[in-house]
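Novice: Numbering (full-length UniProt numbering), first residue to last: 1 to 104. Positions of the beta carbon are idealized from the N, C-alpha and C atoms, including for glycine.
1. Quick one: using the 10 Å Cβ neighbour count with 16 as the cut-off for buried, is residue 95 buried or exposed?
2. Use the C-beta contact count for residue 7: other C-beta atoms within 10 angstroms, 16 or more gives buried, fewer gives exposed.
3. Would you call residue 91 buried or exposed, if buried means 16 or more other Cβ atoms sit within 10 Å of its Cβ?
4. Do you know offhand how far residue 66's Cα is from residue 50's?
5. Would you report the Cα separation of residue 44 and residue 87, rounded to the nearest angstrom?
6. Take residue 98 as the anchor and find which of 12, 73, 40 and 29 has the nearest alpha-carbon.
7. Assuming contact is defined by CB atoms lying nearer than 8 Å, are residue 62 and residue 70 in contact in what I supplied?
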């Protein structure tokens, strides 16, 4: 019979991972200016999202109606901004890549 405790090993592994992350410290890359720029400035790039014919028709109707106080494009931009705040590591990686692209 083994004296191994899978739960204890998992807890030890998690503690070691936390220590490793803590030792790395916080990043020296400042993402704040990029957060500030997410939803401001000139909108000169587009993203493609595949939708069904029904969803596309609904999108067009939302844009064309005066009865609904919503801007579908702005709603999507707001959602992406929220995702950037919820996933800061991914956002930082994207902004680092952006800076590299700008340097080239």
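Specialist: In short:
1. Burial call: buried.
2. Taking every protein chain shown into account, the CB of residue 7 has fewer than 16 other CB atoms within 10 angstroms, so this residue is exposed.
3. It is buried - the Cβ of residue 91 has at least 16 other Cβ atoms within 10 Å.
4. Straight across, the Cα-Cα distance linking residue 66 with residue 50 is about 25 Å.
5. The straight-line gap from Cα to Cα measures roughly 24 Å.
6. Nearest of 12, 73, 40 and 29 to residue 98, Cα basis: 29.
7. Yes, Cβ-Cβ distance for residue 62 and residue 70 is below 8 Å.
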